[in-house]
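K.L.:
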Amino acid sequence: MVKTLKLSRTQTMNSHTKPSRLTQAFISSIEANGAKQRFSDHKVAGLYLRIAPGGTKTFVIRYRKPDNASAEMNIGRADVVTLDMARDRAKKHLAQVPDGHDPIEARRQAAIEARNKKMETLEALAQAFKASPGFLSKKIRTQEFYESCLRVHILPRLGKRSIKEIGRKDIAAFLDQIYSEHSGPASNSARRTLSVLFSYATELELIDFNPVSAVKQRHRGGQRTRQLNDTELKRLWQALDNLEGVTSDVSDMIRLCLFLPARVNEIAGMEWAELNFNERLWTVRADRMKNNKPHELPFGEFCRSLLEKRRNSDAGNNPWVFPAKSGIEPMNGKVASRACNRLSKDWGWQPFGPHALRRGFTTKMAEKGVRLEILERALSHDVMGGRAIAHYDHYSYRDEKRELIWSASRKVVR
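Oh and the sequence shown: position 180 is 180 in full-length UniProt numbering, straight run, nothing missing.
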C-alpha cells in the first residue's frame, strides 16, 4: 500500500485542501482565490492539483518519506501536463514509496547523474569550472593563470580523458612529461591547476577524492634570491634605449620597474587616473593590489619625465599608461618578464625577471639602513604588529617612501 499523506477533514480545510472529482474541465475552470488551494484526485491517492495564490496550477504528489516526514513533489504544470499524464506520472513515482524509495531523492540523483554525464571528460569539467562562481570570483590574473595552464599543458594531453579514469599514475606521467618538455615550474603550475580542477570535481561529487593530492610536485624550487648587481643594473639601464626586438613600451615598463618597488603587473596596468603629477604620487586602486588595499607610491623626477613622455604620445589617448594593441585593455606584465628572460640569455646572465629588480631594490635600501617598516610599506607588504597597528596607524609614510624611491632612482641612473 502506498504511504500517501492522509489529512483529517479539519486539517484538509485549514490547509485549503479540498475533496473533489478532478476532471480536465474542472481544472480548466477553477480559479485562484488569493490563497493556496489543493484538490485531491479521486482516482489516484496522493495526487493533487495545487493552485497558487497567483493562479499557477501544478500537479503534485504528497507522500511520506522513509523517516515518516511529509513531502510534496511537483510533477508538472497543469497548462502543460494533462490530467491523464499527471495520473500516470503519479502512479510511477508513488509506486516507489512502499519499497522505501523517496521520489524527490530519486529525481535529485537523476539530475546529478545527467549533469555528471555532461562532465565526463576533463575538457567538459574545465568548461564548467570556468563558468562557476569559484572561478569567476578569483582575480583576473589568477583566472588567466588557470586558463593558460589548461590551454597550453592540460587540455591538449588530458582533455578527452574521462575524469574517472585519470589516476595517480596518469598524473605522475603527465607531470614528468611537462617537466622534461618545458620546465620544473611549468610542471608545478600544471599540477596546481589540475588539482583545482579535481577539487572542483569532488565538490560536485563527480569523483570521491582528488588524485592529484597523492602526487608530489616535480620541482622543488628554493626561495628566489636573484638580484642584479651594480654592474648588471648599469648595463641594463644603458641598454634600454636600444634593445633589438624590445619595443619602447616594454623598455619603459622595465624602466619603471627599476624606479618603483611595485609588482610588474601593477605597473603594466597603471592608469592615468591613478597618477597625480602635481604631487608626484601614484595611488594604485585596491582591486589591482594583491592584498586588496589601495597603495600609494611617490615617484621622482626620472619617473615623472618618463610618464610625461608617454602621456604626450599615443598612450595618452588611452586610460592606461601601457595600452595593449587592441586598445581595450592594458598590456600584460609578462611582456617585461619575457624581455628580461631573453636579455639574460643573450648576455649570458643568470636568468632574471622584473621581480629581481624589486628584490634588489629591497636589499640595497636595507643595506643603506632604511627602516624595515618603511620598506614594507613601500612594497605593500603587511607590516609586523598585526591588525591593531594596521587599524590605528593611518600615517601613510608618504615622505619617507618618497625619499626612499628618490634615493633608489639616483642609484640606478648615476
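In this text, a Cβ means the ideal position worked out from N, Cα and C, and glycines have one as well.
(1) May I ask which residues mark the beginning and end of the beta strand (DSSP E) holding residue 37?
(2) According to the neighbour-count rule (16 or more other Cβ atoms, all chains shown, within 10 Å of its Cβ), is residue 151 buried or exposed?
(3) What are the boundary residues of the beta strand (DSSP E) that residue 70 is part of?
(4) Helix or strand or just coil, what does DSSP make of residue 59?
(5) Give the single residue among 51, 21, 33 whose Cα lies nearest to the Cα of residue 41.
(6) Using CA coordinates, which residue listed in 48, 148, 162 is at the minimum distance from residue 57?
(7) What residue range does the beta strand (DSSP E) around residue 282 cover?
(8) Helix, strand or coil for residue 272, going by three-state DSSP, please let me know.
(9) Hey, residue 436 and residue 299 are a contact pair by Cβ (cut 8 Å); roughly how many whole angstroms apart?
(10) Going by the DSSP bridge assignment, what does residue 48 pair with across the sheet?
(11) If we count the other Cβ atoms within 10 Å of its Cβ and call it buried at 16 or more, is residue 320 buried or exposed?
(12) Would the stretch 347-363 and the stretch 242-250 be scored as touching if the rule is three or more Cβ pairs under 8 Å?
(13) Is the beta carbon of residue 286 closer than 8 Å to that of residue 441?
(14) Starting from residue 175 and walking both ways along the alpha helix (DSSP H), at which residues does that stretch end?
(15) Output needed for residue 24: all residues of its chain with C-beta closer than 7 Å, excluding positions within five of it in sequence on either side, in chain order.
(16) Secondary structure at residue 261, three-state DSSP: helix, strand or coil?
(17) Candidates 105, 62, 111: which alpha carbon is nearest residue 91's?
P.N.:
Working from what's here:
(1) 37-40 is the extent of the beta strand (DSSP E) around residue 37.
(2) Burial call: exposed.
(3) Looking at the DSSP string, the run of the beta strand (DSSP E) that includes residue 70 is 70-77.
(4) Three-state result, residue 59: strand.
(5) Of the listed residues, the one whose Cα sits closest to residue 41 is 21.
(6) For residue 57, the nearest C-alpha among the options comes from 48.
(7) Counting along the chain, the beta strand (DSSP E) containing residue 282 begins and ends at 281-284.
(8) Looking at residue 272 - three-state DSSP - the assignment turns out to be helix.
(9) Only positions 1 to 414 of the chain appear in this structure, which leaves residue 436 out of reach.
(10) Paired residues: 40, 60.
(11) Residue burial annotation: residue 320 is buried, with at least 16 other C-beta atoms found within 10 angstroms of its C-beta.
(12) No: fewer than three Cβ pairs fall under 8 Å.
(13) Here the chain comprises residues numbered 1 to 414, so residue 441 is not present and cannot be evaluated.
(14) Here the alpha helix (DSSP H) through residue 175 covers 168-181.
(15) The residues are 82, 83.
(16) Correct three-state label for residue 261: coil.
(17) Just measuring C-alpha positions, the residue of 105, 62, 111 sitting nearest residue 91 is 62.
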